[in-house]
Amino acid sequence: MLARDYCDAAGRKKGKPIILSHHMLYGLKAGQAKMSKSDPDSAIFMEDSTADVRRKIRGAYCPRTADAAVARDAEMQLAADDLKNPCLDYVRHVVFAAPGATFAAGGATFASADAVRDAFVGGALSEADLKDGLADAVDALLAPVRAHFERDARAAALLARVRAYNCLLYTSPSPRDATLSRMPSSA
(Lines of atoms letter the chains of each structure in order from A; the text may use other names.)
(Lines give C-alpha, C1' and ligand atoms only; values in the text may rest on other atoms or scores of the structure.)
Protein backbone atom coordinates (compact mmCIF):
# COMPACT_ATOMS: atom_id res chain seq x y z
CA MET A 115 0.00 0.00 0.00
CA LEU A 116 2.85 2.37 0.82
CA ALA A 117 4.39 1.77 -2.62
CA ARG A 118 1.04 2.56 -4.29
CA ASP A 119 0.69 5.71 -2.17
CA TYR A 120 4.21 6.72 -3.14
CA CYS A 121 3.39 6.27 -6.85
CA ASP A 122 0.29 8.45 -6.41
CA ALA A 123 2.27 11.13 -4.55
CA ALA A 124 5.05 11.05 -7.15
CA GLY A 125 2.59 11.16 -10.06
CA ARG A 126 3.74 7.79 -11.42
CA LYS A 127 1.09 6.06 -13.49
CA LYS A 128 3.19 3.28 -15.05
CA GLY A 129 4.82 0.59 -12.96
CA LYS A 130 2.44 1.08 -10.04
CA PRO A 131 2.24 -2.15 -7.98
CA ILE A 132 -0.98 -4.12 -7.93
CA ILE A 133 -2.56 -5.66 -4.87
CA LEU A 134 -3.81 -9.24 -4.94
CA SER A 135 -6.22 -9.73 -2.05
CA HIS A 136 -7.76 -12.68 -0.29
CA HIS A 137 -10.80 -12.76 1.98
CA MET A 138 -10.65 -9.87 4.45
CA LEU A 139 -11.69 -10.96 7.92
CA TYR A 140 -14.23 -8.73 9.63
CA GLY A 141 -12.95 -6.58 12.44
CA LEU A 142 -13.97 -7.89 15.85
CA LYS A 143 -15.90 -4.74 16.71
CA ALA A 144 -19.36 -3.82 15.43
CA GLY A 145 -19.34 -2.01 12.11
CA GLN A 146 -15.83 -3.01 11.04
CA ALA A 147 -15.81 -4.39 7.50
CA LYS A 148 -12.24 -5.56 8.04
CA MET A 149 -9.59 -5.80 10.70
CA SER A 150 -7.49 -2.74 11.35
CA LYS A 151 -3.96 -2.95 12.67
CA SER A 152 -4.36 0.62 13.92
CA ASP A 153 -7.06 -0.68 16.31
CA PRO A 154 -5.39 -3.53 18.22
CA ASP A 155 -8.72 -4.78 19.58
CA SER A 156 -10.19 -5.28 16.10
CA ALA A 157 -8.03 -8.30 15.28
CA ILE A 158 -6.02 -11.18 16.68
CA PHE A 159 -2.28 -10.82 16.07
CA MET A 160 0.33 -13.56 15.97
CA GLU A 161 2.02 -12.26 19.11
CA ASP A 162 -1.17 -11.91 21.18
CA SER A 163 -1.07 -13.67 24.53
CA THR A 164 -3.71 -16.19 25.58
CA ALA A 165 -5.26 -13.47 27.75
CA ASP A 166 -5.32 -11.05 24.77
CA VAL A 167 -6.99 -13.64 22.54
CA ARG A 168 -9.66 -14.41 25.14
CA ARG A 169 -10.34 -10.75 25.92
CA LYS A 170 -10.65 -9.76 22.27
CA ILE A 171 -12.87 -12.67 21.29
CA ARG A 172 -15.07 -12.40 24.37
CA GLY A 173 -15.63 -8.72 23.53
CA ALA A 174 -16.25 -9.37 19.83
CA TYR A 175 -19.41 -8.37 18.02
CA CYS A 176 -21.42 -11.55 17.51
CA PRO A 177 -24.90 -11.13 15.95
CA ARG A 178 -27.18 -14.16 15.75
CA THR A 179 -29.54 -12.70 13.13
CA ALA A 180 -28.94 -10.76 9.93
CA ASP A 181 -31.24 -7.91 10.87
CA ALA A 182 -29.13 -7.28 13.95
CA ALA A 183 -25.99 -6.98 11.83
CA VAL A 184 -24.39 -3.59 11.45
CA ALA A 185 -24.09 -2.42 7.83
CA ARG A 186 -20.66 -3.24 6.46
CA ASP A 187 -18.77 -2.62 3.25
CA ALA A 188 -19.95 -5.47 0.99
CA GLU A 189 -17.24 -4.91 -1.61
CA MET A 190 -14.58 -6.14 0.85
CA GLN A 191 -16.08 -9.66 0.89
CA LEU A 192 -15.57 -12.32 -1.75
CA ALA A 193 -18.78 -14.18 -0.85
CA ALA A 194 -22.24 -13.03 0.22
CA ASP A 195 -22.66 -12.97 3.99
CA ASP A 196 -25.93 -11.67 5.39
CA LEU A 197 -24.99 -12.24 9.05
CA LYS A 198 -21.58 -10.52 9.03
CA ASN A 199 -20.53 -12.10 12.31
CA PRO A 200 -16.75 -11.77 12.90
CA CYS A 201 -16.68 -14.81 15.23
CA LEU A 202 -18.21 -17.03 12.56
CA ASP A 203 -15.89 -15.43 10.00
CA TYR A 204 -12.88 -16.53 12.08
CA VAL A 205 -14.36 -20.01 12.44
CA ARG A 206 -14.79 -20.30 8.66
CA HIS A 207 -11.57 -18.69 7.45
CA VAL A 208 -9.12 -19.39 10.28
CA VAL A 209 -10.20 -22.49 12.19
CA PHE A 210 -11.46 -24.42 9.16
CA ALA A 211 -8.66 -23.23 6.87
CA ALA A 212 -6.74 -26.46 7.50
CA PRO A 213 -8.03 -29.59 5.76
CA GLY A 214 -9.75 -31.96 8.19
CA ALA A 215 -10.10 -29.31 10.90
CA THR A 216 -12.80 -29.58 13.54
CA PHE A 217 -14.21 -27.05 15.99
CA ALA A 218 -15.23 -27.84 19.57
CA ALA A 219 -17.68 -25.58 21.38
CA GLY A 220 -20.52 -26.01 23.82
CA GLY A 221 -19.83 -29.71 24.33
CA ALA A 222 -20.12 -30.48 20.61
CA THR A 223 -17.55 -31.02 17.87
CA PHE A 224 -18.30 -29.55 14.46
CA ALA A 225 -16.86 -30.73 11.14
CA SER A 226 -17.70 -27.61 9.11
CA ALA A 227 -18.16 -23.88 9.44
CA ASP A 228 -21.70 -24.21 8.12
CA ALA A 229 -22.56 -26.61 10.95
CA VAL A 230 -21.21 -24.11 13.50
CA ARG A 231 -23.19 -21.28 11.91
CA ASP A 232 -26.39 -23.35 11.82
CA ALA A 233 -25.99 -24.36 15.48
CA PHE A 234 -25.34 -20.76 16.52
CA VAL A 235 -28.16 -19.21 14.47
CA GLY A 236 -30.53 -21.99 15.57
CA GLY A 237 -29.75 -21.42 19.24
CA ALA A 238 -28.12 -24.80 19.88
CA LEU A 239 -24.77 -23.03 20.42
CA SER A 240 -24.68 -20.03 22.76
CA GLU A 241 -22.66 -16.91 22.08
CA ALA A 242 -20.51 -17.60 25.14
CA ASP A 243 -19.80 -21.18 24.01
CA LEU A 244 -19.02 -20.05 20.46
CA LYS A 245 -16.59 -17.41 21.74
CA ASP A 246 -14.94 -19.75 24.26
CA GLY A 247 -14.49 -22.43 21.58
CA LEU A 248 -13.12 -19.86 19.15
CA ALA A 249 -10.70 -18.46 21.73
CA ASP A 250 -9.43 -21.99 22.45
CA ALA A 251 -9.05 -22.80 18.74
CA VAL A 252 -7.28 -19.56 17.83
CA ASP A 253 -5.03 -19.77 20.87
CA ALA A 254 -4.06 -23.34 19.91
CA LEU A 255 -3.07 -22.06 16.45
CA LEU A 256 -1.00 -19.24 17.97
CA ALA A 257 0.75 -21.35 20.64
CA PRO A 258 3.50 -22.70 18.32
CA VAL A 259 4.06 -19.20 16.91
CA ARG A 260 4.48 -17.72 20.39
CA ALA A 261 6.78 -20.60 21.35
CA HIS A 262 8.94 -19.94 18.28
CA PHE A 263 9.39 -16.28 19.25
CA GLU A 264 10.20 -17.28 22.83
CA ARG A 265 12.77 -19.97 21.87
CA ASP A 266 14.50 -18.35 18.91
CA ALA A 267 16.60 -15.32 19.91
CA ARG A 268 16.77 -13.98 16.35
CA ALA A 269 12.98 -14.21 15.97
CA ALA A 270 12.51 -12.55 19.37
CA ALA A 271 14.77 -9.66 18.32
CA LEU A 272 12.83 -9.26 15.07
CA LEU A 273 9.52 -9.22 16.97
CA ALA A 274 10.90 -6.57 19.33
CA ARG A 275 11.86 -4.41 16.33
CA VAL A 276 8.39 -4.81 14.80
CA ARG A 277 6.74 -3.90 18.11
CA ALA A 278 8.97 -0.84 18.48
CA TYR A 279 8.13 0.24 14.94
CA ASN A 280 4.40 -0.24 15.56
CA CYS A 281 4.61 1.84 18.74
CA LEU A 282 6.21 4.66 16.75
CA LEU A 283 3.86 4.25 13.81
CA TYR A 284 0.67 4.47 15.84
CA THR A 285 1.74 7.18 18.27
CA SER A 286 2.84 9.79 15.74
CA PRO A 287 0.16 12.11 14.36
CA SER A 288 0.35 10.99 10.74
CA PRO A 289 3.27 8.64 10.01
CA ARG A 290 2.12 7.73 6.52
CA ASP A 291 1.81 11.35 5.41
CA ALA A 292 5.14 12.21 7.03
CA THR A 293 6.81 9.30 5.21
CA LEU A 294 5.32 10.34 1.88
CA SER A 295 6.36 13.96 2.35
CA ARG A 296 10.00 12.91 2.85
CA MET A 297 10.06 10.86 -0.38
CA PRO A 298 11.60 12.39 -3.51
CA SER A 299 9.04 13.65 -6.02
CA SER A 300 10.48 11.59 -8.88
CA ALA A 301 11.50 7.99 -8.99
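Note that my numbering gives residue 298 to position 184 of the sequence shown, counting from 1, and the numbers run on in steps of one.
From the three backbone atoms N, C-alpha and C, an ideal C-beta is built for every residue, glycine too.
Beta-carbon spacing of residue i, residue j below 8 Å
i	j	result
residue 217	residue 235	no
residue 243	residue 219	yes
residue 143	residue 155	yes
residue 174	residue 201	yes
residue 178	residue 245	no
Collapsed DSSP secondary structure at residue i in the structure displayed
i	result
residue 224	strand
residue 218	strand
residue 158	coil
residue 178	coil
residue 140	coil
residue 250	helix
residue 213	coil
residue 130	coil
Residues near residue i in its chain [Cβ-Cβ closer than 8 Å; skip 5 each side]
i	result
residue 273	161 and 263
residue 223	216 and 217
Pick from the options that is closest to residue i, judged by C-alpha positions
i	options	result
residue 198	169, 128, 224 and 138	138
residue 208	270, 133 and 140	140
residue 250	118, 260 and 164	164
residue 253	168, 123 and 121	168
residue 247	221, 259, 257 and 270	221
Cβ neighbours of residue i in the same chain (closer than 7 Å, five flanking residues each side left out)
i	result
residue 131	117 and 118
residue 240	220
Same chain only: Cβ atoms within 6 Å of residue i, ignoring 5 sequence neighbours per side
i	result
residue 276	none
Residue i, buried or exposed, once every other Cβ within 10 Å from all chains shown has been counted against 16
i	result
residue 127	exposed
residue 196	exposed
residue 203	buried
residue 268	exposed
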